[in-house]
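Accompanying notes for the structure given below.
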Amino acid sequence: MRKLLLGVAVIGVIGGAALWVLSAPKVLDATTLAGLSGDIAEGEAIFHASGCGSCHIAPDRDADPLILSGGREFASDFGTFVAPNISPDPEHGIGTWTAEQFINAVMQGVSPDGEHYYPAFPYTSYTRADPQDFAHLYAFMMTLPADATPSQPHDLRFPFNIRRSVGLWKAMFLRDDWVVTGELSAEEERGRYLSEALSHCAECHTPRNALGALDHDRWFLGAPNPSGTGRIPAIAGEEFTWTAFDISAYLETGLTPDFDVVGGSMAPVVRSLQNLEKSELDAIAAYILRAGQ
Amino acid sequence: MKLKTMLGSVALSLAVALPALADENPAIEQRQGQFKLFVHNFGLLGGMAQGRMDYDGDMAQTAADNLFHLTRHDQSRLWPEGTDSMSVDGTRASPAIWDDLDDFVMKFSALQDAVESLQSVAGDGLDEMRAGFGPVGQACQACHEAYRDEAS
Numbered sequence: 001m002r003k004l005l006l007g008v009a010v011i012g013v014i015g016g017a018a019l020w021v022l023s024a025p026k027v028l029d030a031t032t033l034a035g036l037s038g039d040i041a042e043g044e045a046i047f048h049a050s051g052c053g054s055c056h057i058a059p060d061r062d063a064d065p066l067i068l069s070g071g072r073e074f075a076s077d078f079g080t081f082v083a084p085n086i087s088p089d090p091e092h093g094i095g096t097w098t099a100e101q102f103i104n105a106v107m108q109g110v111s112p113d114g115e116h117y118y119p120a121f122p123y124t125s126y127t128r129a130d131p132q133d134f135a136h137l138y139a140f141m142m143t144l145p146a147d148a149t150p151s152q153p154h155d156l157r158f159p160f161n162i163r164r165s166v167g168l169w170k171a172m173f174l175r176d177d178w179v180v181t182g183e184l185s186a187e188e189e190r191g192r193y194l195s196e197a198l199s200h201c202a203e204c205h206t207p208r209n210a211l212g213a214l215d216h217d218r219w220f221l222g223a224p225n226p227s228g229t230g231r232i233p234a235i236a237g238e239e240f241t242w243t244a245f246d247i248s249a250y251l252e253t254g255l256t257p258d259f260d261v262v263g264g265s266m267a268p269v270v271r272s273l274q275n276l277e278k279s280e281l282d283a284i285a286a287y288i289l290r291a292g293q
Numbered sequence: 001m002k003l004k005t006m007l008g009s010v011a012l013s014l015a016v017a018l019p020a021l022a023d024e025n026p027a028i029e030q031r032q033g034q035f036k037l038f039v040h041n042f043g044l045l046g047g048m049a050q051g052r053m054d055y056d057g058d059m060a061q062t063a064a065d066n067l068f069h070l071t072r073h074d075q076s077r078l079w080p081e082g083t084d085s086m087s088v089d090g091t092r093a094s095p096a097i098w099d100d101l102d103d104f105v106m107k108f109s110a111l112q113d114a115v116e117s118l119q120s121v122a123g124d125g126l127d128e129m130r131a132g133f134g135p136v137g138q139a140c141q142a143c144h145e146a147y148r149d150e151a152s
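Chains as they are written, first to last, in the working numbering: chain A, 1 to 293; chain Z, 1 to 152.
Below, the structure is given as structure tokens:
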């Protein structure tokens with residue numbers, strides 16, 4: 001009996017140690033990041049493609065989309081997330097971060113202090129990007145206005161309030177390979193990069209499993225609105241009948257083929273994406289139609 | 001027991017019927033009808049602006065005139081308290097409208113201004129109409145962003 005107990009204890013310790021190792025925050029290889037330098041103008045396009053402002057602007061109505069003071073609340077099944085201040089303020093924002101720290105935050109979901117970020121932050125998508133693009137983004141974001149609003153803590157339920165548990169979530173769900181695979185045209189590939197790595201369309205338009213990971217088998221099929229009433233519409237499947245022209249025009253102007261005008265949480269997405277070259281919007285449209293095949 | 005069961009089912013049917021009754025506040029359907037007429041005209045101009053159809057100065061001017069008059073329709077009886085999406089089904093009007101009616105009114109008057117500018121150029125040529133059309137869409141978007149819920 002004593003032997004058995006000892007055996008259980010040993011297995012428990014080994015299991016706990018394995019979980020601890022498995023849940024450790026992992027950063028990018030230093031050689032991946034060495035020699036990257038950012039270009040502000042390139043970074044501006046990455047900023048608009050990545051939609052940072054959609055979540056990180058102030059909660060006030062009609063807030064300035066370039067002041068990333070944070071404070072917006074995002075309700076979920078796990079509790080309420082509050083977007084942090086990511087303006088270049090040295091105390092309350094990211095003003096003292098290095099480019100390497102920034103890229104690890106955005107692509108690996110690891111803070112400069114070595115803690116996990118929750119996957120409400122779509123590093124789950126950004127992890128597929130070319131790190132060079134986020135070196136550009138870093139250069140641009142450091143030129144934005146600083147704001148001294150303190151970041152607010154999330155309000156999460158147990159066990160989700162244990163940050164280390166995010167490491168296990170990452171081990172299960174964080175993938176940097178493409179979701180839509182097979183034969184893609186050059187335009188569809190560009191659209192895939194923009195959508196799956198930067199613009200993170202799927203984060204709202206794809207349903208999630210019980211642990212909050214995207215269901216790749218129901219890609220773009222629409223999902224409950226996580227932060228309010230109604231649904232985020234499907235952009236694939238039988239009920240979605242838009243053409244490439246329709247999708248590109250919508251991202252450029254906010255007008256649906258029926259001439260309804262964009263609203264809700266999609267309005268800031270359009271306001272951001274409409275700054276991209278029209279060819280980039282056409283590429284996203286081509287990819288979305290390809291993804292729905 | 002029988003009476004209790006009966007009372008229970010009366011209470012239940014009332015609970016089911018009450019939201020349905022509230023749905024029937026005619027203001028909801030009436031204001032939705034108003035927005036359909038906005039789209040009826042806005043969509044024609046949008047079709048021309050996006051090159052889905054050829055520009056026709058007379059048709060564009062008529063649509064812009066219609067929009068001008070439609071957006072002057074007095075709104076005071078179309079937005080009664082209790083007709084928001086939290087109180088009743090069948091509307092996407094956010095409760096935030098009634099939290100700050102002044103801002104809602106201000107955004108509506110921004111629409112009126114944009115439509116007035118559009119009306120003054122809609123018949124002057126495709127590029128002129130386009131230049132006037134864009135700000136109307138922006139005015140719609142500003143209000144939809146703050147005050148319209150996702151569709152269900």
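We put the CB at the ideal spot given by N, CA and C, even for glycine.
Residue j beta carbon less than 8 angstroms from that of residue i
i: A/H200; j: A/P150; result: no
i: A/S54; j: A/L198; result: no
i: A/F81; j: A/M107; result: no
i: A/G294; j: A/A139; result: No answer is possible for residue 294 of chain A: it lies beyond the span of chain A, which begins at 1 and ends at 293.
i: A/L168; j: A/L22; result: yes
i: A/F47; j: A/M142; result: no
i: A/S111; j: A/N85; result: no
i: Z/Q119; j: Z/L78; result: no
i: Z/R92; j: Z/R130; result: no
i: A/I235; j: A/I284; result: no
i: A/R175; j: Z/E150; result: no
i: A/A291; j: A/W219; result: yes
i: A/V262; j: Z/H144; result: yes
i: A/G71; j: A/R157; result: no
i: Z/F42; j: Z/V136; result: yes
i: A/A244; j: A/A286; result: yes
i: A/P224; j: A/W242; result: no
i: Z/L167; j: Z/T71; result: Only positions 1 to 152 of chain Z appear in this structure, which leaves residue 167 of chain Z out of reach.
Under 7 angstroms from the C-beta of residue i: neighbouring residues of chain Z
i: A/N225; result: E150
i: A/A267; result: Q141, H144, E145
Backbone CA spacing between residue i and residue j [nearest angstrom]
i: A/Y117; j: Z/T62; result: 55 angstroms
i: Z/A22; j: A/A75; result: Residue confidence is low: Z/A22 scores 49 on pLDDT, short of 50, so the model does not pin down where it sits. No coordinate-derived value is stated.
i: A/A41; j: A/A58; result: 24 angstroms
i: Z/Q141; j: A/G254; result: 8 angstroms
i: Z/L45; j: Z/A64; result: 8 angstroms
i: A/Q274; j: A/L251; result: 6 angstroms
i: A/D29; j: A/N104; result: 10 angstroms
i: Z/Q158; j: Z/G134; result: Nothing can be reported for residue 158 of chain Z, as the shown portion of chain Z is limited to 1 through 152.
i: Z/L88; j: Z/G82; result: One detail in the question is off: residue 88 of chain Z reads as Val in this sequence, not Leu. Roughly 7 angstroms separates the two Cα atoms.
i: Z/Q34; j: A/S87; result: 42 angstroms
i: A/A45; j: A/D147; result: 22 angstroms
i: A/E239; j: A/D89; result: 45 angstroms
i: A/A228; j: A/G12; result: Before going further, note that residue 228 of chain A is Gly rather than Ala in the sequence given. Rounded to whole angstroms, A/G228 to A/G12 spans 42 angstroms at the Cα level.
i: Z/D103; j: A/C52; result: 26 angstroms
i: Z/L101; j: A/Q132; result: 46 angstroms
i: A/R208; j: A/L6; result: 40 angstroms
i: A/E277; j: A/Y193; result: 15 angstroms
Chain Z contact residues for residue i, given Cβ-Cβ distances below 8 angstroms
i: A/R231; result: E150, A151, S152
Closer than 7 angstroms at the beta carbon, the chain A residues around residue i
i: Z/G123; result: Going along chain A, no residue has its Cβ under 7 angstroms from Z/G123, so there is no contact; the nearest lies around 20 angstroms.
i: Z/Q181; result: Given a span of 1 to 152 for chain Z in the structure shown, any question on residue 181 of chain Z remains unanswerable.
i: Z/A146; result: R61
Chain D residues whose Cβ lies nearer than 8 angstroms to that of residue i
i: A/G228; result: Among the chains of the structure shown, chain D does not appear; the protein chains present are A and Z.
8 angstroms Cβ cut-off: residues of chain A touching residue i
i: Z/D103; result: R61
i: Z/G137; result: T253, G254, L255, V261
Residue i beta carbon near the ligand ADP (any heavy atom closer than 7 angstroms)
i: A/I162; result: The ligand ADP is absent from the structure shown, which contains no ligands of any kind.
**Q.** Complete beta strand (DSSP E) runs within the stretch 9-73 of chain A (minimum length 3 residues, chain order)
**A.** Listed in chain order, there is nothing to give.
Q: Report the residues of the stretch 63-96 of chain Z with a CB closer than 9 angstroms to any CB of chain A, ordered along the chain.
A: Per Cβ criterion, the list reads S85, M86, R92, S94, A96.
Q. Considering only residues of the stretch 55-88 of chain Z, which uninterrupted alpha helix (DSSP H) runs meet the minimum length of 4 residues and lie entirely inside it, listed in chain order?
A. Those alpha helix (DSSP H) runs which fall completely within the stretch 55-88 of chain Z and span 4+ residues are 57-70.
Q.
Against chain A, which members of the stretch 30-48 of chain Z pass a CB distance test of less than 8 angstroms?
A. Using a CB distance below 8 angstroms, the part of the stretch 30-48 of chain Z facing chain A consists of V39, F42, G43, G46, G47, ordered along the chain.
Q | alpha helix (DSSP H) runs wholly inside the stretch 125-159 of chain A, at least 4 long, in chain order | A | If one requires a minimum length of 4 residues, the alpha helix (DSSP H) runs lying completely within the stretch 125-159 of chain A are 131-141, in chain order.
(Q) At a CB distance below 8 angstroms, what residues from the stretch 233-264 of chain A approach chain Z? Give them in sequence order. (A) Among the residues of the stretch 233-264 of chain A, those with a Cβ less than 8 angstroms away from any Cβ of chain Z are P233, A249, T253, G254, L255, D258, F259, D260, V261, V262, G263, G264, in the order of the chain.
Q: List in chain order: all unbroken alpha helix (DSSP H) runs of 4+ residues lying wholly within the stretch 83-124 of chain Z.
A: Runs of the alpha helix (DSSP H) inside the stretch 83-124 of chain Z: 96-99, 101-121.
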